[in-house]
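Residue numbers (this note's numbering): 654 to 784. Positions of the beta carbon are idealized from the N, C-alpha and C atoms, including for glycine. First the structure, in the form of structure tokens, and then the observations on it.
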């Protein structure tokens, strides 16, 4: 049964339907099925990331900890990306530090993507440069 929910959450992620993904995740908990880190929470966080819902992504990370589940690199990566897309670069850096504290290491490509996204957002926030 949880496999069906996981497939639904994953489909919502791909379709950028973060509210539907969170609703399905709620149903997993209400039916007392065991949500899995990679397929339930991480897909929900990724759905939030795709729609720049950084607060919801962080909320799911907190919820994972309350459920005694350990966030994975994939979970953190999606949350960091959600924050970076929403100009919450300070929160992205905080999450990156939290990853290191948990002894989780993103790969080089992820670090490069985050760095580029943060630089782009900072440039947009700073506005045009006078010549």
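Beta-carbon proximity check, residue i vs residue j, cutoff 8 Å
i           : j           : result
residue 735 : residue 683 : no
residue 700 : residue 671 : yes
residue 674 : residue 710 : no
residue 758 : residue 745 : no
residue 748 : residue 729 : yes
Local Cβ density within 10 Å of residue i, reported as buried at 16 or more and exposed below that
i           : result
residue 723 : exposed
residue 679 : exposed
residue 604 : No information on residue 604 is available, as it lies outside the stretch 654 to 784 that the chain covers here.
residue 666 : buried
Three-state secondary structure assigned by DSSP to residue i
i           : result
residue 741 : coil
residue 701 : helix
residue 684 : coil
residue 755 : coil
residue 722 : coil
C-alpha gap between residue i and residue j, whole angstroms
i           : j           : result
residue 676 : residue 752 : 27 Å
residue 740 : residue 681 : 31 Å
residue 755 : residue 719 : 16 Å
residue 769 : residue 721 : 33 Å
residue 694 : residue 742 : 22 Å
Residue interval of the alpha helix (DSSP H) (run including residue i)
i           : result
residue 714 : 707-719
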